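These notes concern the structure reproduced below.
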Amino acid sequence: MNPTSSIKEKKQFDKYVAQGKDIFVFFYLEGCGPCNATKPEWKKMENVLSSKYKNNDHIVLAEIDQSIMKDLHNIKMIQPRGFPSIHHITRKGKQIKEYENDEKITIKDRSVDSFVEWVEKNLLNMKNKLNHKKQKGGKWSLKYKRSINCRNPRGFSQKQHCKYGRTKKIRARLF
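Given below as structure tokens:
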């Protein structure tokens, strides 16, 4: 896990987005009362998650000041309606979720517990999406290929599979 207390360099943030990491961003405005009240809770959440996900380098927690937002290339589409604004950026900046608009959270009170719940639900959701990718060819075609009897192939395509398809797989397994 990469807990970054505050991002001062735009290159660092752009690098995280380009690598496709799960970035949880806290946008704040200097001198904002609600922002100053939320910052300690965000820091506590960083401590809780850093102990829980210490071996996971795919998670980034960041604080970004409003003054450097305009310089960040990968988040041009984020237009906070107010501050503080908390977002989850994934898939190299192609998918952005806002904390305030997320229906999965039971309590949205900007506390440590609600932040941790939001982060873990988003991580679980992304993990499930990554695990359920559709395989090329699908399960049926693999099952069909395994059921072909090469001693007595039926039809032209089965003969071709036995002649060319199986030998390539066997050679790959031997080496």
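Letter 72 of the sequence shown, counting from 1, is numbered 72 in the UniProt record's numbering, and no numbers are missing. Even for Gly, the Cβ is constructed at its ideal location relative to N, Cα and C. Computed from a prediction, not measured in an experiment: that's the story for all the values here.
Secondary structure at Phe26: strand, using DSSP grouped into helix, strand and coil. In the displayed model, Gln79 falls within coil according to three-state DSSP, outside both helix and strand. Leaving aside the five residues that flank Leu29 on each side, the residues in its chain whose CB is nearer than 6 Å to its CB run, in chain order, Cys35, Gln66, Phe83. Shortest Cα-Cα distance from Thr90 to any of Arg110, Val60, Gln79 involves Val60.
With a cutoff of 8 Å on beta-carbon distance, Ser85 and Phe27 are scored as near each other. In this structure Ile148 touches Gln158 by the C-beta definition: roughly 5 Å separates them, less than 8 Å. Cα atoms of Lys52 and Asn122: separation of roughly 15 Å, rounded to the nearest angstrom. DSSP places Ser67 in no alpha helix (DSSP H); its state is neither H nor E.
Ranking Lys21, Cys150, Asp109, Thr38 by CA distance to the CA of Ile96 puts Lys21 first. Beta-bridge partners of His88 (DSSP): Phe24, Lys97. Straight across, the Cα-Cα distance linking Ala37 with Lys143 is about 58 Å. Ala62 is classed as buried because its beta carbon has at least 16 other beta carbons within 10 Å across all chains shown. Of all alpha-carbon atoms in Gly31, Met45, Gln19, Gln12, the one lying nearest the alpha-carbon of Glu120 is that of Met45.
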